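Have a look at the structure below, then the notes.
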Amino acid sequence: MKGVKSLTDIKRNDTEIVRVSKREFKGHEFLDLRIYYQDDEGDYKPTKKGITINPKLVDELIDALNKEKDSAPVKE
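The sequence shown begins at 1063 in the numbering used here and counts up by one.
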């Protein structure tokens, strides 16, 4: 797909991934985090579940995730 660069896929479960992509829309870049499902042929297709954010907000998002990570109980 033109204007879309897949950065990474994070396995959510046996049939879904969270794909992190950089995309361009009307000359502006955005970061897209979207759930993809695996179809019967094994290809991943996007769902409506996800968020698209301005790259200027990435640092705030990382800070929030790091705070949650630091406060979450450690699993053994």
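In this text, a Cβ means the ideal position worked out from N, Cα and C, and glycines have one as well.
In this text, all values refer to a predicted model and were calculated from it rather than measured experimentally.
Considering only residues of the same chain and omitting the five flanking positions on each side of residue i, which have a CB-CB separation below 6 Å?
| i | result |
| --- | --- |
| ASP1094 | SER1083, ARG1085 and THR1114 |
| VAL1066 | SER1083 and ARG1085 |
| PHE1092 | ARG1085 and THR1114 |
Which partner residues of residue i appear in the DSSP bridge assignment?
| i | result |
| --- | --- |
| GLU1078 | TYR1099 |
| LEU1093 | LYS1084 and ILE1115 |
| SER1068 | SER1083 |
Quick one: Cα of residue i to Cα of residue j, how far?
| i | j | result |
| --- | --- | --- |
| ASN1148 | TYR1106 | Past the boundaries of the shown model lies residue 1148; the chain is included only from 1063 to 1138, so the question cannot be answered. |
| ARG1096 | THR1077 | 14 Å |
| LYS1073 | GLY1112 | 15 Å |
| VAL1120 | ASP1102 | 34 Å |
| HIS1090 | ASP1132 | 33 Å |
Under 8 Å Cβ to Cβ from residue i, same chain only, skipping five residues before and after it: list those, please.
| i | result |
| --- | --- |
| TYR1099 | THR1077, GLU1078, TYR1106, LYS1107 and THR1109 |
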